[in-house]
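Beneath this line is the structure, given in structure tokens, with notes to follow.
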Amino acid sequence: MATVLSVSGSPSATSRTARLLRHLDARLTAQGHEVIPLDVRAIPAEALLGADFRHPAITEATALFERADGVVIGTPVYKAAYSGLLKSLLDLLPQYALAGKTVLPLATGGTTAHVLAIDYALRPVLSSMGAAHIVQGWFTLDKDIALGDDGSLTVAQGAAEALAQVVDQFSDALGSRTALLSAAG
Numbered sequence: 106m107a108t109v110l111s112v113s114g115s116p117s118a119t120s121r122t123a124r125l126l127r128h129l130d131a132r133l134t135a136q137g138h139e140v141i142p143l144d145v146r147a148i149p150a151e152a153l154l155g156a157d158f159r160h161p162a163i164t165e166a167t168a169l170f171e172r173a174d175g176v177v178i179g180t181p182v183y184k185a186a187y188s189g190l191l192k193s194l195l196d197l198l199p200q201y202a203l204a205g206k207t208v209l210p211l212a213t214g215g216t217t218a219h220v221l222a223i224d225y226a227l228r229p230v231l232s233s234m235g236a237a238h239i240v241q242g243w244f245t246l247d248k249d250i251a252l253g254d255d256g257s258l259t260v261a262q263g264a265a266e267a268l269a270q271v272v273d274q275f276s277d278a279l280g281s282r283t284a285l286l287s288a289a290g
């Protein structure tokens, strides 16, 4: 199947966003995709904030984007926009780093007042970076994501069903795109 880069733009070590992405990564893996997780917070701050395009962590992240057929971008919403940490990485990638890619935007936040952050803040940036197909994204409320002391993750039923649907649509879009590219050979 396809190679998927799963990017968490959360700065928190105990991030619901990152945990939710890793949960969804398992679904994509079960569907036959190779999933590569990337937590932006693991990239050294001096590379991101110093705009060091030649830093090994930045060149490695750029190579991961190049290698991927599809990209899942997850971010917490702060002040009605995607995280500054995610923006720092996106700013250091080549202008068309998403060219030819299928992209699934996901966001988490504390209130439904931020639900449009995907469409009004994140989607335009992904589009400007050349994404071939940006599938329907999904916003999940923090209260619908429960983290257990043992590291387990539970997603409220309605949110879990919606997330499964958007992940499956992303997977289908990746499969269709991969088949077309193989046929064009």
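Going letter by letter, the sequence shown gives residues 106 to 290 in the working numbering.
Built from N, CA and C at the ideal position, the CB exists for glycine as well.
Around the C-beta of L154, fewer than 16 other C-beta atoms lie within 10 Å, and the residue is accordingly described as exposed. DSSP places T213 outside any alpha helix (DSSP H); the residue lies instead in the beta strand (DSSP E), whose first and last residues are 207-214. By the neighbour-count definition (other C-beta atoms within 10 Å, threshold 16), G179 is a buried residue. Counting only runs of at least 3 residues, the segment 150-202 fully encloses the following beta strand (DSSP E) elements, listed from N- to C-terminal order: 175-183.
The beta carbon of I148 sits closer than 6 Å to the beta carbons of A162 from its chain, once the five residues preceding and following it are set aside; these are given in chain order. Under the three-state reduction of DSSP output, S113 falls in the strand class. P142 is bridged by DSSP to S111. In the three-state DSSP reduction, I148 falls in the coil class, being neither helix nor strand. Under the three-state reduction of DSSP, A204 is assigned to strand.
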